[in-house]
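Here the structure comes first, spelled out in structure tokens, and everything after it is commentary.
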Amino acid sequence: MDEKEKDSAMPIALTLEPGVYFRCTCGCSQSLPFCDGHHQQGQKLPLRFEVKEREKVYLCTCGQSRNLPHCDGSCGVDVPVAD
Ligand code: FES
Ligand code: FES
């Protein structure tokens with residue numbers, strides 16, 4: 207990622223209740239950032255993640271994170287490290 211792309215990347219910050227979530231990776235969902243089942247066969251599949259207690263999460267939008275679907279700071283944004 208070049209510096210210009212880095213500057214435009216920004217995670218989505220959400221406070222989520224405990225539960226299982228599916229992060230849309232295809233862009234077809236009408237409930238972004240979550241999957242609503244609109245992905246087509248052969249498209250990217252959603253990423254499942256679990257929230258164990260109410261917490262603020264930072265979802266990656268740049269695809270560079272090594273901890274998808276969470277932002278790991280690879281975009282240059284300083285996010286709190288998840289436990
Ligand atoms: S609608 Fe995008 S991954 Fe399901
Ligand atoms: S938005 Fe992708 S690593 Fe931060």
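In terms of the working numbering, the sequence shown is residues 207 to 289. Backbone N, C-alpha and C fix where the C-beta goes; we use that ideal spot for every residue, glycine too.
Residue i classed as buried or exposed, judged by whether at least 16 other C-beta atoms fall within 10 angstroms
i: C232; result: exposed
i: H244; result: exposed
i: S237; result: exposed
i: V226; result: exposed
i: K210; result: Below a pLDDT of 50, predicted positions are generally treated as unreliable, and K210, at 48, falls in that range; no measurement from the model is reported.
i: P217; result: buried
Cβ-heavy atom distance, residue i to ligand 1, below 6 angstroms
i: C277; result: no
i: P168; result: The requested residue 168 does not occur in the structure, where the chain is confined to residues 207 to 289.
i: C232; result: yes
i: P217; result: no
i: P252; result: yes
Residue i Cβ short of 6 angstroms to ligand 2 heavy atom set
i: C266; result: yes
i: Q270; result: yes
Closest residue to residue i among the options (Cα-Cα distance)
i: C234; options: P252, E256, P286, V257; result: P252
i: E261; options: S271, M216, P224, D284; result: P224
Using 8 angstroms as the cut-off, can you tell me whether the segment 248 to 261 makes contact with the segment 278 to 285, which would need three or more C-beta pairs spanning the two stretches below that distance?
Note that the segment 248 to 261 does not touch the segment 278 to 285; fewer than 3 beta-carbon pairs, one per stretch, sit closer than 8 angstroms.
Unbroken stretches of the beta strand (DSSP E), 3 residues or longer, contained in the segment 245 to 282:
Listed in chain order, the complete beta strand (DSSP E) runs (minimum 3 residues) inside the segment 245 to 282 are 253 to 257, 261 to 265.
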